[in-house]
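Q: For the sequence shown, my numbering gives the first residue as 21, with consecutive numbering after it.
Have a look at the structure that comes next, please.
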Amino acid sequence: MDGKTILIIDDDRDISEAIQHIIDTETQYRTLWIAESDLVLLSAPHVRPSLILLDYLMPVMDGLSLYDRLQAIPTIQGVPVVLISAATSLPYEELRKRQIRLLRKPFNVQELLDVIAELALD
């Protein structure tokens with residue numbers, strides 16, 4: 021999967037399917053959804069996404085820890101990441117240092133499309 025792919029990393033099937041539907045119908049990007057952090061780490065070297073949408077509250081490891089692990093993968097370095105979260109307490113300084121955008125749940129379709137248009141690399 022080269023370019024034009026948005027990688028969705030979220031353990032919530034309903035939210036992921038809704039995001040996939042929006043992206044598939046409203047953009048030219050394909051989507052790849054992976055729900056488990058260990059599978060993400062195995063698959064990521066083979067995926068060259070244009071953008072990563074990453075849930076913050078994941079089982080096993082949180083989104084920031086997973087982000088740090090993903091940055092060690094050469095094909096992922098430099099790919100923009102949007103952290104998606106409904107959490108009220110987030111490490112904002114850590115997000116800023118890593119240049120990670122935040123999209124708060126619940127978000128509307130236009131907010132998602134705007135962040136994709138702004139950040140996705142082709």
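Idealized CB from N, CA, C, for every residue including glycine.
1) Please classify residue 108: is it buried, with 16 or more other beta-carbons within 10 angstroms of its beta-carbon, or exposed?
2) Where does residue 63 sit, in a helix, a strand or coil, going by DSSP?
3) I'd like to confirm the pairing. Which residues does DSSP put opposite residue 102 in its beta bridges?
4) Quick check on residue 90: does DSSP put it in helix, strand or coil?
5) On the premise that residue 115 lies in contact with residue 122, defined as a C-beta separation below 8 Å, what is that separation, rounded to the nearest angstrom?
6) Three or more C-beta pairs under 8 Å: does that hold for the segment 42-54 against the segment 75-91?
A: A quick look at the data gives this:
1) Position 88 of the sequence shown, counted from the first residue, corresponds to residue 108. Answer is exposed; the Cβ neighbour count stays below 16.
2) Translated into the one-based positions of the sequence shown, residue 63 becomes position 43. DSSP places residue 63 in the helix class (H, G or I) of the three-state scheme.
3) Position 82 of the sequence shown, counting from 1, holds the residue named residue 102. Bridge partners of residue 102 according to DSSP: 73, 121.
4) For the purposes of this step, residue 90 is taken as residue 70 along the sequence shown, with counting starting at 1. DSSP places residue 90 in helix when its eight states are reduced to three.
5) Counting from one through the sequence shown, the residue named residue 122 turns up at place 102. Counting from one through the sequence shown, the residue named residue 115 turns up at place 95. Yes, residue 122 and residue 115 are in contact; Cβ-Cβ is about 6 Å, under 8 Å.
6) Contact between the segment 42-54 and the segment 75-91 is not established, with fewer than three Cβ pairs separated by less than 8 Å.
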